[in-house]
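Read through the structure below, which is laid out as structure tokens, and then see the notes.
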Amino acid sequence: MLTQHFPALLVVVPLMAAPLIVFARRSLASWLIALLATAITFGIAASLLAQTLSEGTLVYAMGSWEAPLGIEYRIDAAGAFVAVIVAAMGLIVMPYSRVGIAAEVRSEEHYLYYALMMLCLAGLLGILVTGDAFNVFVFLEVSSLATYVLIAMGRDRRALVAAYQYLLMGTIGATLYVVGVGLLYLETGTLNLADMATRLVDVGDSRGVLAALAFITVGISLKIALFPLHLWLPNAYAYAPSPVSAFLAATATKVSIYVLMRYFFTIFGATEVFDARATGAILLGLSLAAMFIPAVVAIFQHDMKRLLAYSSVSQIGYITLGISLDSVEGLMASAMHLFNHALTKGGLFLVLGGVVLRCGGAGFDRLAGLGHTMPVAAFAMVVGGLSLIGVPGTAGFISKWYLVSAAMHEGQWWLVGAVLASSLLAVIYVWRFVEVAYFRAPPADHPAPGEAPLSMQLPALAMIAACVYFGIDATWSSEVSMRVAEVLMYNPGVGQ
Amino acid sequence: MTEDIQLISLLLTPLVGMLLLALAGRWPNVREAITLITAVVLFSESIQLAVDVLGGARPGLTLIEMLPGLTLRLAVEPLGAVFSVISSGLWIISTLYSIGYMRGNKEKKQTRFFVCFAGAIFAAQGIALAGNMLTLFMFYEAMTLITYPLVTHHGTDHARNSARTYLGVLLGTSIAFLLSGLLATWVIAGTLDFRQGGILAGHLGATGTALLLVLYMFGIGKAALMPFHRWLPAAMVAPTPVSALLHAVAVVKAGVFTIVKVIVYIFGTDNLMSLGSADWVPVIAGFSILSASIVALRADNLKRRLAYSTVSQLSYVTLAATLLAPISIVGAVLHIAAHALGKITLFFAAGSIYTAAHKTEVSQLDGIGRRMPWTMVAFSIGALSMIGLPPAAGFVSKWYILSAAISLEHWLAVGVLALSTLLNAGYFLPIVWRAFFREPPSDDDDHHDEHHAAHGEAPLLMVFAQTATASMTIGLFFYHEPVLRLARAVAGAF
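Chains as they are written, first to last, in my numbering: chain A, 1 to 496; chain B, 1 to 494.
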């Protein structure tokens, strides 16, 4: 049966597509291969989610080598949920890329773009599906290296600096992670995550485990761009080619958040992380700082891409806040926001990509009068912005709803005020765009551009429409998020 | 089944109207015909609904399950029927008025104006028909957003800055307070449905209830309870038909409507009465009534004076609702209707003065009653209703509120009502006196070109609209039986 190989194929398909694209070389052929590969990958991810929802954890021995010797792939509803987000985003970005990168990447480099996107996709999905701690590191590096190059492809020369900055910080993060894994290996003698979880219970209170927790938390937090480790993110999102910004904003940080959740709840266990140590308090403090400080910084940006990037750092704070609550409700809110924010921010960056193509930049001086020159795009940005604020009828509202009720369930009433107060900051930064787009005259040298080409417009509008759809009918997303939270909380991968 | 269609069509009619309006933008006559037809259709649907509700029907319809256990739901009760009829009925008249005003003042972007206007009515219907607090909250926020382009209609810096206040206060209060109140209610009571007698009884002690009530009272920023009233004068930067229908009727009434709904169907009047958690609200409302009146007294700009009068009159409803007696609830519901008619007339008159004479300040109105008799007679009737004198509708509602206050021996409320009547007279009667009994300024021609100096009445459609609402203000004084019956049903029949 082919379906039993799905956990492996999820990674293998995009991984094999990359060299194929390099052989094909021609821009159109590369695009077609990439499109086909992402479509298949998405199908696999969707079927894995359906399977894990109905049957629980799927275990796959790579090359039929059983666990302690070989590398085990292990995917449950939590991993499959994030995998669907990643694969869906890949599938949406691909049709968009054809025109989307034409203006930003030289045509002889198109094949590189597609090949690297495939590697990035393979790496991100690999992290989600593997059951091996060191393998997580490998895939983390595969996706990161691809990302560095993708960012460097940006038209602006500052993209090189941004990529270099991310390279440095990302490598530090990965190194810290691998040191943490090394320590865990010393303590437990295994790299298999499920075994590690069982053996850690016997190890008990040890300085090595504490150090491992610290290394892994900081390392992954760098990749998450958790405040104040977010410094790489604004430049990376701002100078990368538009489809790359959209793809990264919706996926890269989300996958790292998944890794953090896994380590906290499945490997170390919530008691170790939250009850015995101050991790919860630290994470809570950083989340609150993330919700406010970058949001204020976003208000003072003069470039829409940077504004959205700082907004991402701020929104990541909501997700980690849910984790820090150490409850099923909190985790559910995190999972929910992971999904909803991917939709919202992915959609916004896609719309913005079309705008940048037409207006020649995302600076506010270029976007002035956008409501008149590109009415559809401007309106779509406003709707996406409303979702960032969390206005009812958008996906962002649902996240806020669950996050606030999770805080209430924990009796943390003051957090309610904090979450809602930070949404008010979102009102301000979103309205900066509204006023630029609708109250300022278009720049004099404006070529009266018209809307973006359909191949960019449609995927972007589809994302924004999804933002509204999942804001009105959130039964599916909330049920799946609930399952994800339960899997993470009560199902530590042992005794399956 | 037919009930379902009836409810859905109340929402779909303005929505379809919006779509057609957007498509018909190029042909102004077609566009305006569409607005009128939509308004008439909506009004007839809404009257039909009110008749059914009077007959005892309580139709309900679940639209969609939004979250597990939480639905978007429509359900009609008498208060909703009243609000639905008021907003759709006055939409017809203000459409006529808008056509005259927008053409008379050669306003730009008329299509956007009419589309957003229809959108605001759509939101108003949604608020009126909402079957639970979540649905109401969705339409409440939608109304804030859809009226934003109307407030900023002129696109000037002044409009932009005023709209910042508008949006900041309305979105800010609703996200920071109302949403947290909503979520707290959901966590505490496990439901957000509107039920006779409330859903919080027995779930929460006196202090908790009082705190939750704070969140609701200040969270419903559209009711303009001080200190969150600043958005309303700011909204006056919009064209006058917007001020008339939205910022005297639809938007602000959505606010006090929500307050009455929350008091009656979420907290429950008996529950609040026995806990004593609402005792502080009449004090704040009384303060709002008096201080807004004092600001109005000093305002020279006519629309600003009317806006502060609205702030004051809205707090009448809040005050009446939080007196918690059945008869005061009746007064609150009646006042929603009475103030709507009176205040829209006043704004219509202000817009007519602006269109015909280009005057915006009270001090410029000397002798204008001779040139614009219809306008100023309508204005005077509206003013009578604000003061609460017969034969205007304002008298009826004030009568009920006052008798409630007296029978409850709530002397603070009695004092506030008496003092506010004097203040209302103090800022409305001088305008009437100026208009009819003062000589027009003789050096008028120095400041105005010939066209303005020789102005007469406003365009016919505008005169017609204000005459109609003025007549209705008097009409409601003599015949308010159906509204009274609906109001009694809200109060739980006595």
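Every residue gets a Cβ at the ideal spot worked out from N, C-alpha and C, and that includes glycine.
Item                                                                                                                                                                                         : Value
In terms of residue numbering, what span does the alpha helix (DSSP H) encompassing threonine 473 (chain B) cover?                                                                           : 460-478
How should valine 490 (chain B) be labelled, buried or exposed, when 16 other C-beta atoms within 10 angstroms of its C-beta is the threshold for buried?                                    : buried
What residues in its chain sit with their C-beta under 8 Å from that of leucine 412 (chain B), if we drop five residues either side in the sequence?                                         : Pro282, Val283, Gly286
Are the C-beta of serine 98 (chain B) and some C-beta of chain A separated by less than 9 Å?                                                                                                 : no
Is it the case that the CB of leucine 350 (chain A) approaches a heavy atom of the ligand HEM more closely than 8 Å?                                                                         : As far as ligands go, the structure on display features none, and thus does not contain the ligand HEM.
Who are the neighbours of serine 180 (chain B) on chain A, taking C-beta pairs under 8 Å?                                                                                                    : Val404, Val416, Gly417, Leu420
Using 8 Å for Cβ pairs, my map puts leucine 90 (chain B) next to isoleucine 344 (chain B). What's the rounded Cβ distance?                                                                   : 6 Å
Counting only the same chain and skipping the five closest in sequence on each side, list residues whose C-beta sits under 7 Å from that of glutamate 65 (chain B).                          : Thr71
So the beta strand (DSSP E) isoleucine 64 (chain B) belongs to, where does it begin and stop?                                                                                                : 60-67
So is aspartate 300 (chain B) buried or exposed if we call it buried at 16+ other beta carbons inside 10 Å?                                                                                  : exposed
Can you tell me where the alpha helix (DSSP H) with alanine 435 (chain B) in it begins and where it stops?                                                                                   : 411-437
Could you tell me whether the Cβ of methionine 18 (chain B) comes closer than 9 Å to any Cβ of chain A?                                                                                      : no
Measuring only the C-alpha atoms, how far is glycine 475 (chain B) from alanine 393 (chain B)?                                                                                               : 8 Å
State whether the region 176-186 of chain A contacts the region 206-217 of chain A, with contact taken as three or more CB pairs (one from each stretch) at a distance under 8 Å.            : yes
Would DSSP call threonine 191 (chain B) helix, strand or coil?                                                                                                                               : coil
What are the residues in the region 463-489 of chain A lying within 9 Å of chain B by C-beta distance?                                                                                       : Gly471, Ile472, Asp473, Ala474, Thr475, Ser478, Glu479, Met482
Helix, strand or coil for arginine 488 (chain B)? Go by DSSP, reduced to three states.                                                                                                       : helix
What does a CB cutoff of less than 6 Å around valine 13 (chain A) pick up in its chain, not counting 5 residues either side in sequence?                                                     : Ala37, Ile40, Thr41
For glutamine 4 (chain A), count the other beta carbons within 10 Å of its own beta carbon; 16 or more makes it buried, fewer makes it exposed. Which is it?                                 : exposed
Enumerate in chain order the residues of its own chain whose CB-to-CB distance from glutamate 66 (chain A) is below 7 Å, with the five nearest sequence positions on each side excluded.     : none
Short check: CB of proline 373 (chain B) to CB of leucine 384 (chain B), under 9 Å?                                                                                                          : no
Looking only at its chain, what residues have a beta carbon closer than 7 Å to the beta carbon of valine 416 (chain A), apart from the 5 residues adjacent to it on each side?               : Val404, Ala407, Met408
Nearest by alpha-carbon distance to tyrosine 60 (chain A): which of A:Ala102, A:Val105, A:Ala194 is it?                                                                                      : A:Ala194
Report the residue from A:Lys254, A:Thr279, A:Ile85, A:Met304 whose alpha carbon sits nearest the alpha carbon of histidine 242 (chain A).                                                   : The amino acid occupying residue 242 (chain A) in the given sequence is serine; histidine does not appear at that position. With distances taken between Cα atoms, serine 242 (chain A) lies closest to A:Met304.
Decide if threonine 173 (chain B) is buried, meaning its Cβ has at least 16 other Cβ atoms within 10 Å, or exposed.                                                                          : buried
Buried or exposed: threonine 152 (chain B), going by 16 or more other Cβ atoms within 10 Å of its Cβ?                                                                                        : buried
Let me make sure I understand the geometry here. Which of B:Val40, B:Arg26, B:Val76 has the alpha-carbon closest to that of isoleucine 8 (chain B)?                                          : B:Val76
Near leucine 402 (chain B), what residues of its chain come up, given a Cβ to Cβ distance below 6 Å and the 5 sequence neighbours on each side ignored?                                      : Leu417
Within the same chain, show all residues whose beta-carbon is closer than 6 Å to that of methionine 336 (chain A), passing over the 5 residues directly before and after it, in chain order. : Ser399, Tyr402, Ser481
Report the partner residues of tyrosine 73 (chain A) according to the DSSP bridge assignment.                                                                                                : A:Tyr60, A:Thr130
Does the beta-carbon of arginine 207 (chain A) have 16 or more other beta-carbons within 10 angstroms, so that it is buried, or is it exposed?                                               : exposed
Can you name, in chain order, every residue of its own chain whose Cβ lies under 7 Å from the Cβ of phenylalanine 6 (chain A), other than the five neighbours on each side?                  : Ile44, Ser47, Leu48
In the DSSP assignment, find the unbroken beta strand (DSSP E) run with arginine 73 (chain B) in it and report its ends.                                                                     : 70-75
In angstroms with no decimal places, state the Cα-to-Cα distance between aspartate 445 (chain B) and glutamate 439 (chain B).                                                                : Confidence at aspartate 445 (chain B) is low in this model, with a pLDDT of 49, below 50, so its placement is unreliable and the value that follows should be read with caution. Each residue's alpha carbon lies about 15 Å from the other.
Please specify which runs of the alpha helix (DSSP H), each continuous and at least 4 residues long, are wholly inside the region 233-268 of chain B, giving them in chain order.            : 240-245, 251-261
If you follow the alpha helix (DSSP H) that glutamate 410 (chain A) is part of, which residue opens it and which one closes it?                                                              : From DSSP, glutamate 410 (chain A) is part of no alpha helix (DSSP H); its letter is neither H nor E.
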